[in-house]
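Step one of this worksheet: look at the structure below.
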Amino acid sequence: MAVSMKDLDPAFKGAGQKDGLEIWRIENFNPVPIPESSHGKFYTGDSYVILKTTASKSGALRHDIHFWLGKDTSQDEAGTAAIKTVELDATLGGRAVQYREVQGHETEKFLSYFKPCIIPQEGGIASGFNHAEAEEYKTRLFEVKGKHVVHVREVPFARSSLNHDDVFILDTESKIFQFNGSTSSIQERAKALEVVQYIKDTYHDGKCDIAAIEDGKLMADAESGEFWALFGGFAPLPRKGASDDAKHGSHPLKLLRVEKGKAEPIEADSLTRELLETKKCYILDCGLEVFIWMGRNTSLDARKSAGVSAEELLNSTDRPKSQIIRIIEGFETVMFKSKFDSWPETTNVQNSEDGRGKVAALLKRQGVDVKGLLKAEPVKEEPKPHIDCTGHLQVWRVNDQEKISLPDSELSKFYSGDCYIFQYTYNGDDREECLIGAWMGNNSVEGDRTTALSMGCKMVESMKFIPSMARIYEGSEPIQFHAIMQTFIVFKGGLSDGYKNHIAEKGIPDETYKEAGVALFRIQGSDPENMQAIQVEPVASSLNSSHCYILHSETALFSWSGSLTTSEDHELVERMLDFIKPELQPKSHKEGIESEQFWELLGGKTEYPSQKIVRGKEHDPHLFSCHFSKGNLQVKEIYNFSQDDLMTEDIFILDCYSEIFVWVGQGVDPKSRMQSLTIGEKFIEHDFLLEKLSRTTPMFIVMEGSEPPFFTCFFKWEAAKAAMLGNSFQRKLTILRNGGTPPVVKPKRRPSLQYGDKCQRSSRSMSVSPTPERVRVRGRSPAFNAIASTFEKPKDRNLSTPPPIVRKVYPKSGTANLNTLSLGLGSKSSAIARLTSSFEMPSARGKLIPQSLRVTSNTLKSNPERSDSEDSMSSRLESLTEEDAKEGEADDDEGLPVYPYDSVNTASTNPVPDIDVTKREAYLSATEFKEKLGMTKTEFYKLPKWKQNKLKVTVQLF
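In the numbering used here, the protein residues as written are 116 to 1073.
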């Protein structure tokens, strides 16, 4: 596209160079910038140009341009906005997607910029903004639609405007009413409450009453009576008329070529990419959406002409509310590509990059900073696992319909022909987290894969769906898996009966790893806490200059470093030698100076790759809501998503390309919950973003209320919201009535997350080699050292053996130095007191001491020389139960100041400052406590937490 200086409007200089929104209003046919403080405020008589700039992970800036047309805007202003949008795109290098937005029919992407909603005001620049408020507050009625993004439309203040299918908001001077139609969804009601909050804050300075009216309650309560009285009394509501979308019905796809300002239809048997020529513009008419495709080599005038032709098409077919979306060749959206019967994987966009550079050069000569227009360098940062690596690991190998527990020394040694199940328990921010996963080798049989997934799902179900579930294939392991395993080795072949039967039936040679044979391992990883050894074919062609390798026979051991490797790679090889043939002395080789014996073991020297391994493509995460019925999956993308978009009644998929998460709300029905794995598989199969998702992409199933840190890191997460109970509407209503913030709820203590009665546990705070001579200790936590020193003798200590069985202890504060317990304790309360005073940093209690140290009977037998004092200590620990902890919790209330009920309840007009609002009842005297709650403090604290909260709510103490 040819660009000249006259094409660049001065108002757009420097636009689109940083992440965020920029808005211009059309005034006298010129774009005028709108200050950020007025973003989201639109007038019905005006036209606007909106630029959304998004900084991607790669460092590049992506642009979306929208021009918004108020219902009362003039035709001239609307035309100017359309033309200025094309000019702004040219300023940005000609690669932005452009959207036409009509008031009341905006795209969801546009509305997502202004959450929770936009409510256009009457007036505009042409009328001199003659929209002054009347002296009396104007009562308004709004119709609210949308489960994820809200469309708000003002309707006449009359009973005839209401219906049973939608949600309505009646805004009066002193109170805001939300009317929930009987057939409206819970999600729509919840989203409408966000609009109520917006109206309250914007038009009432946050000071007015709120009332929720349920359709069908008639005059049963005072607020319903007050609501219907405003409409002159109750009367049956009319049936809802057909929507505009339903009136349009299905629309056949039509492709038109724009030449000399006219749109001519193209006749073709099928819609393919080959129909689009780079020197022309086209219109793809899809009914509610009309796409304008502009070739890279088209002129600015041709692109403007195509926009005019699209407007004329809509006017001639009486479709003024249809959305017009303009797309540049090489930057087509997923929605546009999906309309075609075939679309090639990649398109050469080099010319577009050149055009972007030319625009940047023009602006630079004008003295404009153009760093946003030039391609930025990718941000180089290593991905983080967001998981505590000092937890406890159990691993089982699947063998037919059973699982075999692996010993400590084999926990991170897998075979490519087998499938494995693992359970990893670790400390979260305020609770114990658990991850259960199925790992499937590339050469494993289908029966073992099915069994592994089925057993993993049953383990999650047996633990009340608290753990997250992972489905992992060999070669596509996520960073969390490697962080858990720390030192991971994959051998060729397999040990399961299924694998052995398979190779016997097919006549395939058994390549299962043998220590006495010749084996070649590729070494990879990021650091000593995350390193892998993958066995490959022992031939020279398996080498690559960007990797290090270990080669061994029965009597020889070699390490080989490629010319493109780093000192960090060499360190990993040295560490991995502790795990592969540790009894042999290795011989180090660098690429180009290998010995003859090295090549002989590989069957002779041949050519091998030398290119640098490039990390796979990444993109910013995308969130989709899912509906799965009769084997069909329907998804809808949620733009500019946040935690508030996760509705408890729905299932969502977070697509991060390198991994996907299936989030299952607590309100999802049991049948759909059990299909969550199938939903994830269907999502990968359909590849909705057309990104060529691999069938082996790692998948995590995440349950609401048990979200792991490696999921919440994609959101600005508020734990208080995640801990709330009730459906989406009830939760939002609670937040609204609590001043816009979620109530603080003390998290419940979970039971120990374990599967089965006898669980093998292994501390993950160290790596252990197959032989005790070559132990490499990783950073052990202070709590672990304290425990280990108590139970282990310095001389014959086995670092791979965890301490004896210990019951969970919940002291009120501080962590335990278990040595104090061997001195003999006089009582349970004194034991708890001693537990709280031993470490220097009591505030770190939850992070310092492992929360479930358990071992199997086999592990205990490995240390038969336990002293009597250790047995005594173990029995004393077992006597400290959770009930004792609760008892201590009640006692801890003693010593708090006493205040009258009128000063500590939630409705107090003279509240006491600086109290713990999560335990208001603790400040009451014993007499007033029993009077209000009907029981003593001791009786109260013995109740389950949910019953405590329920009682506190009834007396306004919660």
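Yeah, the Cβ is synthetic: ideal placement off N, Cα and C, and Gly gets one too.
Quiz item: Per DSSP, P146 is paired with what?
Solution: Start at 1 with the first residue of the sequence shown, and residue 146 comes out as number 31. In DSSP, P146 forms a bridge with I141.
Quiz prompt | For V510 and Q650, the rounded distance between their alpha carbons | solution = Against the sequence shown, residue 650 aligns to sequence position 535. Against the sequence shown, residue 510 aligns to sequence position 395. C-alpha separation (whole angstroms): 20 Å.
Quiz item: Closest by CA to P1028, which one among S657, A1041, P1012, A383?
Solution: The residue you call residue 1028 lines up with position 913 of the sequence shown. The shortest Cα separation from P1028 among S657, A1041, P1012, A383 belongs to P1012.
Quiz prompt | Residues that T169 bridges to, as DSSP identifies them | solution = Numbered from 1 along the sequence shown, position 54 holds the residue referred to as residue 169. For T169, which the question treats as bridged, DSSP gives the partners R177.
Quiz item: Mind checking R388: buried by the 16 CB within 10 Å criterion, or exposed?
Solution: Taking the sequence shown and counting its residues from 1, one reaches residue 388 at position 273. It is exposed - the Cβ of R388 has fewer than 16 other Cβ atoms within 10 Å.
Quiz item: For the 8 Å Cβ check, are there 3 or more pairs between the region 213 to 226 and the region 434 to 453?
Solution: The way I'd put it, the region 213 to 226 does touch the region 434 to 453; three or more beta-carbon pairs between them come closer than 8 Å.
Quiz item: P858 to M839, Cα distance in whole Å?
Solution: Against the sequence shown, residue 858 aligns to sequence position 743. Against the sequence shown, residue 839 aligns to sequence position 724. Spanning the two alpha carbons is a distance of roughly 8 Å.
Practice problem: With DSSP as the reference, label C401 as helix, strand or coil. | Solution: Within the sequence shown, the letter at position 286 stands for residue 401. Three-state DSSP puts C401 in coil, outside helix and strand.
Quiz prompt | Under 8 Å between C-beta atoms of V783 and E796 | solution = Here the question's residue 783 lines up with position 668 in the sequence shown. Here the question's residue 796 lines up with position 681 in the sequence shown. No, the Cβ-Cβ distance between V783 and E796 is not below 8 Å.
Quiz item: Taking DSSP as the reference, what is the three-state secondary structure of L370?
Solution: As a first step, residue 370 must be located in the sequence shown, where it is residue number 255. The answer is strand: DSSP assigns L370 an E or B state.
Self-check item: 3 or more residues per run - each beta strand (DSSP E) lying fully within the region 707 to 759
Solution: Within the region 707 to 759, the runs of beta strand (DSSP E) at least 3 residues long that lie entirely inside it are, in chain order, 737 to 744, 747 to 753.
Quiz item: Using DSSP with H/G/I as helix, E/B as strand and the rest coil, what is Q218?
Solution: Reading the sequence shown from its first residue, position 103 is the one you call residue 218. Coil.
Quiz prompt | Cβ neighbours of W554 in the same chain (closer than 6 Å, five flanking residues each side left out) | solution = Taking the first residue of the sequence shown as 1, we reach residue 554 at position 439. Only Y535, I587 meet the Cβ criterion.
Practice problem: Keeping to the same chain, check which residues put their C-beta closer than 6 Å to that of F346; ignore five residues upstream and five downstream. | Solution: Along the sequence shown, one-based indexing puts residue 346 at 231. In chain order, R274 place their CB closer than 6 Å to the CB of F346, counting only its own chain and leaving out the 5 sequence neighbours on each side.
Exercise. Using DSSP bridges, identify the partner residues of S162.
Key: Translated into the one-based positions of the sequence shown, residue 162 becomes position 47. Looking at the DSSP assignment, S162 forms a beta bridge with L184.
Quiz item: By a C-beta neighbour count over all protein chains shown, 10 Å radius and 16 as the cutoff for buried, is L368 buried or exposed?
Solution: As a working note, residue 368 is residue 253 in the sequence shown. With fewer than 16 other CB atoms across the displayed protein chains lying within 10 angstroms of its CB, L368 is exposed.
Practice problem: Going by CA-CA distance only, name the one from V605, D191, K230 that's closest to Y754. | Solution: Your numbering for residue 754 matches position 639 in the sequence shown. Here the closest residue by C-alpha is K230.
Self-check item: Range covered by the beta strand (DSSP E) that runs through N295
Solution: Within the sequence shown, the letter at position 180 stands for residue 295. That run of the beta strand (DSSP E) goes 290 to 295.
Quiz item: Would you call N104 buried or exposed, if buried means 16 or more other Cβ atoms sit within 10 Å of its Cβ?
Solution: What the structure shows of the chain is the stretch from 116 to 1073, and residue 104 is not part of that stretch, so it cannot be assessed.
Self-check item: Delimiting residues of the beta strand (DSSP E) encompassing Y252
Solution: Within the sequence shown, residue 252 is the residue found at index 137, counting from 1. Taken as a continuous stretch (DSSP letters only), Y252 belongs to no beta strand (DSSP E), as it is neither H nor E.
Quiz item: For L1058, which residues from the same chain have a beta carbon less than 8 Å from its beta carbon, with the 5 sequence-adjacent residues on both sides left out?
Solution: Within the sequence shown, residue 1058 is the residue found at index 943, counting from 1. Excluding residues within five positions, the ones whose Cβ falls inside 8 Å are L1066.
Quiz item: Taking DSSP as the reference, what is the three-state secondary structure of E379?
Solution: If you number the sequence shown from 1, residue 379 lands on position 264. DSSP places E379 in strand when its eight states are reduced to three.
Practice problem: Mind reading off the beta-carbon distance from V264 to E223? Whole number of angstroms is fine, and I expect it under 8 Å. | Solution: On the sequence shown, residue 264 is found 149 positions in, with the first residue counted as 1. On the sequence shown, residue 223 is found 108 positions in, with the first residue counted as 1. About 4 Å; that satisfies the 8 Å criterion.
Quiz prompt | For L184 and I429, the rounded distance between their alpha carbons | solution = What you label residue 429 is simply residue 314 of the sequence shown in a count that begins at 1. What you label residue 184 is simply residue 69 of the sequence shown in a count that begins at 1. The identity of residue 429 in the sequence shown is Leu, whereas the question assumes Ile. The straight-line gap from Cα to Cα measures roughly 15 Å.
Exercise. Identify the continuous alpha helix (DSSP H) that holds Y1016 and give its terminal residues.
Key: Locating residue 1016 in the sequence shown gives position 901, where the first residue counts as 1. Residues 1016 to 1019.
Practice problem: Could you tell me the distance, in whole angstroms, from the CA atom of F157 to the CA atom of D191? | Solution: Position 42 of the sequence shown, counting from 1, holds the residue named residue 157. Position 76 of the sequence shown, counting from 1, holds the residue named residue 191. Cα to Cα, F157 sits roughly 18 Å from D191.
Quiz item: Would you call the region 629 to 643 and the region 570 to 580 touching, i.e. three or more CB-CB distances under 8 Å?
Solution: no
Self-check item: A425 in three-state terms, based on DSSP
Solution: The sequence position of residue 425 within the sequence shown is 310, counting from 1. A425 falls in the helix class under three-state DSSP.
Quiz item: Within the chosen definition, does the region 154 to 169 reach the region 199 to 210 through at least 3 CB pairs nearer than 8 Å?
Solution: yes
Quiz item: Leaving out five residues before and five after D625 in sequence, what residues of the same chain have Cβ atoms less than 8 Å from its Cβ?
Solution: The residue labelled residue 625 in the question sits at position 510 within the sequence shown. Within the same chain, D625 has close Cβ partners G608, K615, I618.
Self-check item: For L309, the nearest candidate out of G331, F844, T1051 (CA to CA)
Solution: Here the question's residue 309 lines up with position 194 in the sequence shown. Checking the displayed sequence, the identity of residue 309 turns out to be Glu instead of Leu. Nearest of G331, F844, T1051 to E309, Cα basis: F844.
Quiz item: Are I775 and I799 closer than 8 Å when you measure CB to CB?
Solution: The residue you call residue 775 lines up with position 660 of the sequence shown. The residue you call residue 799 lines up with position 684 of the sequence shown. The answer is yes: Cβ separation under 8 Å.
Quiz item: For L699, which of helix, strand or coil comes out of DSSP?
Solution: Numbered from 1 along the sequence shown, position 584 holds the residue referred to as residue 699. Three-state result, L699: coil.
Practice problem: Assign A430 to one of three DSSP states: helix, strand, or coil. | Solution: Taking the first residue of the sequence shown as position 1, residue 430 is located at position 315. The sequence given here places Asn at residue 430; Ala does not occur at that position. If DSSP states are grouped into helix, strand and coil, N430 belongs with the helices.
Quiz prompt | Three-state secondary structure assigned by DSSP to L1072 | solution = Start at 1 with the first residue of the sequence shown, and residue 1072 comes out as number 957. It is coil, neither helix nor strand.
Practice problem: Within the same chain, show all residues whose beta-carbon is closer than 8 Å to that of M574, passing over the 5 residues directly before and after it, in chain order. | Solution: Your numbering for residue 574 matches position 459 in the sequence shown. Closer than 8 Å at Cβ, skipping near neighbours: I536, Q538, I551, P582, Y870.
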